[in-house]
Amino acid sequence: MHHAFLIDGYNVLFHRSRLARNCPPHRLRKARESFVALLVHFRAQAGYPVTVVFDGVSEPVGFGLDRVMEGDVEVIYSPRGQIADETLRGLMDRRAAKTQPTLVTSDRELVASARMRAVPVLSAAEFVEFVAEETGGTAPAPGKEPPKPDPDVQA
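Just so you know, we're using the working numbering here: the sequence shown kicks off at 30 and counts up by one.
Have a look at this one:
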């Protein structure tokens, strides 16, 4: 089965790095860049398509990036005035039948939205563990599947 991941960027980033949500912008930028670099490595090692969405709502005027490719990872910043959750909902609607995405988040509202769309969900913790397994210095086993989403995932 072919899998693609739609990642709630800051939700997973804050889980993974334990950064405070009100950290200075330069620390947040560096943490975001480090997280994207990890996703690029994961994509290269494991081969799963990855799209990560970050809130662009709080970026400075003129930030100007709405979609960029970092390696083979698609990085999307939600439009000013729109939170990443709204962008992720739209992506789930457009990609569900085509790429069978798995949403990665621990946000309860997004989990509920994914379930309404029959989109599988991995929690931030499950995904971080999966990435660690897949990038542990060896090539993944051929045909290795991501973990089965927990139907009762909670934030």
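Heads up, the beta-carbon is just placed ideally off N, CA and C, and yes, glycines get one too.
Q: Please determine, among 84, 34, 76, the residue with the shortest C-alpha to C-alpha distance to residue 58.
A: Position 29 of the sequence shown, counted from the first residue, corresponds to residue 58. It is 84.
Q: Report back the beta-carbon spacing between residue 136 and residue 40 to the nearest angstrom; my notes put them in contact at under 8 Å.
A: Your numbering for residue 136 matches position 107 in the sequence shown. Your numbering for residue 40 matches position 11 in the sequence shown. At roughly 5 Å, the Cβ-Cβ gap stays under 8 Å, so residue 136 and residue 40 are in contact.
Q) If you draw a straight line from the C-alpha of residue 72 to the C-alpha of residue 78, how long is it? A) Along the sequence shown, one-based indexing puts residue 72 at 43. Along the sequence shown, one-based indexing puts residue 78 at 49. So the two alpha carbons sit approximately 7 Å from each other.
(Q) Run through the DSSP bridge pairs and tell me what residue 103 is partnered with. (A) Within the sequence shown, the letter at position 74 stands for residue 103. In the DSSP output, where bridge partners are listed per residue, residue 103 has 80, 98.
Q: Identify, in the order they occur along the chain, each residue of the same chain with its Cβ nearer than 8 Å to the Cβ of residue 125, setting aside the five sequence neighbours on each side.
A: Reading the sequence shown from its first residue, position 96 is the one you call residue 125. Contacts found: 146, 147, 148.
Q | Nonlocal neighbours in the same chain, by C-beta distance under 8 Å from residue 131, ignoring five residues either side | A | Along the sequence shown, read from residue 1 onward, the residue named residue 131 stands at position 102. Result list for residue 131: 32, 33, 34, 35, 148, 149, 150, 151, 175, 178, in chain order.
(Q) Using only the alpha-carbon positions, how far apart do residue 113 and residue 105 sit? (A) Position 84 of the sequence shown, counted from the first residue, corresponds to residue 113. Position 76 of the sequence shown, counted from the first residue, corresponds to residue 105. Roughly 9 Å between the two C-alpha positions.
Q.
Output needed for residue 122: all residues of its chain with C-beta closer than 8 Å, excluding positions within five of it in sequence on either side, in chain order.
A. Counted from its first residue, the sequence shown places residue 122 at position 93. 146.
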